[in-house]
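Residue numbering for the sequence shown follows our numbering, starting at 1 and increasing by one per position. Where is the CB? At the ideal position from N, CA and C, for every residue including glycine.
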Amino acid sequence: MVLRVALVSEHASPLAAIGAVDAGGQNVHVAELASGLTRLGHEVVVYTRRDDPDLPATVRTDDAYDVVHLDAGPPRRVPKDALWPLMPAFADALRAHLRAHRPDVVHAHFWMSGWAATRAARRLRIPTFVTFHALGSVKRRHQGSADTSPPERVDVEVAVAERATGVIATCRDEVAELAALGVDLDGVDVVPCGVDVRHFTTGAAPLDHPPRREPHRIVSVGRLVPRKGYATIVEALVDLPGVELVVAGGHADGTVEAEQVRLETLAADLGVADRVHFVGQVGHFLMPALLCTADVVVCSPWYEPFGLVPLEAMACGVPVVASAVGGMLDSVADGETGLLVPPQDPQALAAAVGGLLADPARRAAYGRAGVRRARSQFSWDAVAAATAEVYARAHDRSSTAAGTPAAGTAAGRLPALGPA
Ligand code: UDP
Numbered sequence: 001m002v003l004r005v006a007l008v009s010e011h012a013s014p015l016a017a018i019g020a021v022d023a024g025g026q027n028v029h030v031a032e033l034a035s036g037l038t039r040l041g042h043e044v045v046v047y048t049r050r051d052d053p054d055l056p057a058t059v060r061t062d063d064a065y066d067v068v069h070l071d072a073g074p075p076r077r078v079p080k081d082a083l084w085p086l087m088p089a090f091a092d093a094l095r096a097h098l099r100a101h102r103p104d105v106v107h108a109h110f111w112m113s114g115w116a117a118t119r120a121a122r123r124l125r126i127p128t129f130v131t132f133h134a135l136g137s138v139k140r141r142h143q144g145s146a147d148t149s150p151p152e153r154v155d156v157e158v159a160v161a162e163r164a165t166g167v168i169a170t171c172r173d174e175v176a177e178l179a180a181l182g183v184d185l186d187g188v189d190v191v192p193c194g195v196d197v198r199h200f201t202t203g204a205a206p207l208d209h210p211p212r213r214e215p216h217r218i219v220s221v222g223r224l225v226p227r228k229g230y231a232t233i234v235e236a237l238v239d240l241p242g243v244e245l246v247v248a249g250g251h252a253d254g255t256v257e258a259e260q261v262r263l264e265t266l267a268a269d270l271g272v273a274d275r276v277h278f279v280g281q282v283g284h285f286l287m288p289a290l291l292c293t294a295d296v297v298v299c300s301p302w303y304e305p306f307g308l309v310p311l312e313a314m315a316c317g318v319p320v321v322a323s324a325v326g327g328m329l330d331s332v333a334d335g336e337t338g339l340l341v342p343p344q345d346p347q348a349l350a351a352a353v354g355g356l357l358a359d360p361a362r363r364a365a366y367g368r369a370g371v372r373r374a375r376s377q378f379s380w381d382a383v384a385a386a387t388a389e390v391y392a393r394a395h396d397r398s399s400t401a402a403g404t405p406a407a408g409t410a411a412g413r414l415p416a417l418g419p420a
């Protein structure tokens with residue numbers, strides 16, 4: 001059955017450059033899911049907010065899905081935590097498209113898209129799913145007063161989870177968090193994030209920049225924000241002589257992020273500055289070439305909704321040392337493809353990395369097992385197929401349940417909460 005699928009991702013466009021503060025795994029996820037669904041024969045349109053006046057209304061991608069830029073608020077980049085007041089306009093623009101094009105299923109990404117999609121799809125009887133990517137309750141727990149999310153985020157997430165046809169969570173830890181929020185788990189499916197196993201392979205030609213200056217290298221990749229925990233790696237370097245750290249992430253235009261300045265100061269204070277290299281944003285296309293220069297890829301966030309980088313490293317045959325949190329509890333097989341360590345614990349991280357660096361045979365075995373695991377369980381083709389199954393079940397239910405409106409789309413089930 002060919003499904004017409006509307007993916008909604010208000011801030012994370014599949015066309016954006018990856019690595020800046022608000023552009024990371026969600027952008028990759030939406031792009032790869034759209035491509036994977038298209039390869040399976042489904043017709044996909046991605047709806048995102050126009051954040052540049054020069055963007056065409058619709059872009060046909062090389063992967064044969066469309067990206068539609070909806071007008072909502074100023075046509076320039078707005079930090080994602082300031083987008084909430086723009087969501088009614090985004091929902092109105094989305095509704096006009098859904099009414100005209102009548103997709104079979106809507107799949108929203110992130111809480112604000114979930115709110116807009118459940119609002120836009122009401123009365124249209126279109127099954128509507130949400131993948132949160134990150135939960136406000138988890139973010140608040142870890143970031144406390146530094147959390148710049150709108151205060152109503154957690155309540156909106158619960159309302160969206162209840163009013164959508166279903167939640168597509170990405171890992172078991174997220175299901176536990178949803179249960180703790182009181183969400184009915186009957187409507188929750190788990191489909192992990194994936195990795196492009198055609199691109200992330202063991203065969204990449206290694207990047208020669210920056211040149212290796214130490215016997216061993218750790219690579220760490222992601223948005224340059226404190227919660228990614230690069231500081232823990234910098235602190236661990238004190239106990240890891242002969243090891244250099246290469247950090248990739250940041251703005252495309254080379255603007256130095258505040259987090260980089262903070263980390264450079266920390267490295268200087270600890271006497272390890274000559275072993276820490278920031279290479280800025282690395283084009284996603286070049287990521288395998290960077291990852292394969294590493295003896296170990298370290299992902300040491302405080303918390304992590306899923307985490308694509310461990311999968312990318314595994315697919316490239318590189319062992320991973322990761323915080324034992326979130327999706328990495330599912331993706332990294334502890335003692336098989338890498339090691340899981342407590343977050344924010346430099347001593348534990350140094351012991352795990354140091355042990356692996358001293359044991360080339362174990363590194364090679366973890367690398368081989370990582371490739372097998374990534375290819376067998378986490379290809380985007382497998383992820384797209386599992387997601388399409390969830391859609392198809394709901395589509396069948398909504399087309400056979402004559403007279404019974406699809407959950408979350410019925411008149412009168414509009415999320416009560418909205419921007420002031
Ligand atoms: N990434 C990239 N270039 C960079 C930094 C990151 O291509 O300079 C990509 C990385 O390869 C991964 C994504 O951005 O695909 C980050 O996803 P992850 O889930 O690890 O973190 P998030 O950004 O979602 O918190």
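*Measure the C-alpha to C-alpha separation of Arg-39 and Asp-295 and round it to an integer number of angstroms.*
Along the sequence shown, read from residue 1 onward, the residue named residue 39 stands at position 39. Along the sequence shown, read from residue 1 onward, the residue named residue 295 stands at position 295. Across the structure, Arg-39 and Asp-295 are spaced so that their CA atoms are roughly 34 angstroms apart.
_Check: Gly-317 C-beta below 7 angstroms from any heavy atom of the ligand UDP_ = Sequence index remark: in the sequence shown, residue 317 carries index 317 (1-based). Answer for Gly-317: no, Cβ out of range of the ligand UDP.
*Note the first and the last residue of the continuous beta strand (DSSP E) segment covering Thr-387.*
In the sequence shown, the residue the question calls residue 387 occupies position 387. Premise fails: Thr-387 lies in the alpha helix (DSSP H), 380 to 400, not in any beta strand (DSSP E).
_Extent of the continuous alpha helix (DSSP H) run through Arg-163_ = As a first step, residue 163 is located in the sequence shown; it is residue number 163 there, counting from the start. First-last of the alpha helix (DSSP H) with Arg-163: 153 to 163.
*Cβ of Ile-18 within 7 angstroms of any heavy atom in the ligand UDP?*
On the sequence shown, position 18 is the one that residue 18 refers to. Under cutoff, so the answer is yes.
*Would you call Met-1 buried or exposed, if buried means 16 or more other Cβ atoms sit within 10 Å of its Cβ?*
For the purposes of this step, residue 1 is taken as residue 1 along the sequence shown, with counting starting at 1. Exposed is the call here.
*Cβ-heavy atom distance between Pro-174 and the ligand UDP below 7 angstroms?*
As a first step, residue 174 must be located in the sequence shown, where it is residue number 174. Reading off the sequence shown, one finds Glu at residue 174, where the question assumed Pro. For Glu-174, the distance from the CB to the nearest heavy atom of the ligand UDP is not below 7 angstroms.
*So who's on the other strand from Ala-6, going by DSSP bridges?*
Your numbering for residue 6 matches position 6 in the sequence shown. Val-45, Val-106, per the DSSP bridge assignment.
*Do you know offhand how far Leu-286's Cα is from His-209's?*
Your numbering for residue 286 matches position 286 in the sequence shown. Your numbering for residue 209 matches position 209 in the sequence shown. When rounded, the distance between both Cα atoms is 11 angstroms.
_Just to confirm, is the Cβ distance from Val-272 to Gly-249 under 8 angstroms?_
In the sequence shown, the residue the question calls residue 272 occupies position 272. In the sequence shown, the residue the question calls residue 249 occupies position 249. Cβ distance not < 8 angstroms, so Val-272 and Gly-249 don't count as in contact.
*Quick one: residues in its chain with C-beta nearer than 7 angstroms to the C-beta of Arg-4, no 5 flanking neighbours on either side, listed in chain order?*
Walking along the sequence shown from the start, residue 4 turns up at place 4. Excluding positions up to five away in sequence, the list reads Glu-43, Pro-103, Asp-104.
*asked:* If distances are taken between C-alpha atoms only, which option among Gly-194, Gly-187, Leu-263, Asp-239 comes closest to Leu-224?
replied: As a position in the sequence shown, residue 224 is number 224, starting the count at 1. Closest in alpha carbon position to Leu-224, among Gly-194, Gly-187, Leu-263, Asp-239, is Leu-263.
*Okay, do the region 342 to 351 and the region 237 to 245 touch, 3+ Cβ pairs below 8 angstroms being the bar?*
Result yes; three or more Cβ-Cβ pairs closer than 8 angstroms.
*Can you list every residue whose CB sits closer than 6 angstroms to some heavy atom of the ligand GDP, going in chain order?*
As for the ligand GDP, it is missing from this structure, which binds only the ligand UDP.
*asked:* Please list the terminal residues of the continuous beta strand (DSSP E) segment that includes Gly-307.
replied: For the purposes of this step, residue 307 is taken as residue 307 along the sequence shown, with counting starting at 1. First-last for Gly-307: undefined, no H or E at that position.
*Classify Leu-423 as helix, strand or coil using the three-state DSSP reduction.*
Since the first and last residues shown for the chain are 1 and 420, residue 423 lies out of range.
_Let me check understanding here. Comparing Cα to Cα, which of Asp-62, Val-78, Ala-82, Leu-94 lies closest to His-69?_
The residue you call residue 69 lines up with position 69 of the sequence shown. Nearest C-alpha to His-69: Leu-94.
*With a 10 Å radius around its C-beta and 16 neighbouring C-beta atoms as the bar for buried, classify Glu-32 as buried or exposed.*
Position 32 of the sequence shown holds residue 32. By the neighbour-count criterion, in which a residue is buried when 16 or more other Cβ atoms sit within 10 angstroms of its Cβ, Glu-32 is buried.
*Straight-line CA distance for Ala-352 to Arg-368?*
On the sequence shown, position 352 is the one that residue 352 refers to. On the sequence shown, position 368 is the one that residue 368 refers to. Taking the straight line from one Cα to the other gives about 19 angstroms.
*On the DSSP bridge assignment, give the partners of Val-68 in chain order.*
As a position in the sequence shown, residue 68 is number 68, starting the count at 1. Answer by DSSP bridge pairing, in chain order: Tyr-47, Thr-58.
*asked:* Does the region 310 to 323 come into contact with the region 331 to 343, if we say contact requires no fewer than three beta-carbon pairs (one atom in each stretch) closer than 8 angstroms?
replied: Yes, the region 310 to 323 is in contact with the region 331 to 343.
*Is Ser-13 buried or exposed, if buried means 16 or more other CB atoms sit within 10 Å of its CB?*
The residue you call residue 13 lines up with position 13 of the sequence shown. Only buried fits Ser-13, as 16 or more other CB atoms lie within 10 angstroms of its CB.
*Extent of the continuous beta strand (DSSP E) to which Arg-227 belongs*: Here residue 227 refers to the residue found at position 227 of the sequence shown. Where Arg-227 is concerned, there is no enclosing beta strand (DSSP E), given that its DSSP letter is neither H nor E.
*N- and C-terminal bounds of the alpha helix (DSSP H) containing Leu-329*: Within the sequence shown, residue 329 is the residue found at index 329, counting from 1. Start and end: 328 to 331.
*To the nearest whole angstrom, what separates the beta carbons of Asp-196 and Trp-84, a pair I think is in contact under 8 angstroms?*
Against the sequence shown, residue 196 aligns to sequence position 196. Against the sequence shown, residue 84 aligns to sequence position 84. Not confirmed; about 32 angstroms, so no contact.
*Where Ser-35 and Arg-372 are concerned, what is the direct C-alpha to C-alpha distance, given to the nearest angstrom?*
Counted from its first residue, the sequence shown places residue 35 at position 35. Counted from its first residue, the sequence shown places residue 372 at position 372. So the alpha carbons of these two residues sit roughly 23 angstroms apart.
*Which residues in the same chain have their Cβ closer than 8 angstroms to the Cβ of Ala-504, if we skip the five residues on either side of it in sequence?*
One cannot answer for residue 504 here, as it falls past the ends of the chain, which runs 1 to 420.
*asked:* Quick check on DSSP: helix, strand or coil for Gly-136?
replied: As a working mapping, residue 136 is identified with position 136 in the sequence shown. If DSSP states are grouped into helix, strand and coil, Gly-136 belongs with the helices.
*Which residues in the same chain as Met-420 place their Cβ atom closer than 8 angstroms to its Cβ, once the five residues preceding and following it in sequence are excluded?*
Residue 420 sits at position 420 when you count from the first residue of the sequence shown. Per the sequence shown, the amino acid found at residue 420 is Ala instead of Met. Within the same chain, Pro-85 come within 8 angstroms of Ala-420 by CB-CB distance, once the 5 residues on both sides are set aside.
_beta strand (DSSP E) segment containing Val-63, residue limits_ = The residue given as residue 63 occupies position 63 in the sequence shown. One detail in the question is off: residue 63 reads as Asp in this sequence, not Val. Neither: Asp-63 is in no beta strand (DSSP E) and is coded neither H nor E.
_Cβ-based neighbour list, Thr-255, same chain, cut-off 6 angstroms, excluding 5 preceding and 5 following_ = Within the sequence shown, the letter at position 255 stands for residue 255. Within its own chain, no residue has a Cβ closer than 6 angstroms to the Cβ of Thr-255 once the five positions on either side in sequence are excluded.
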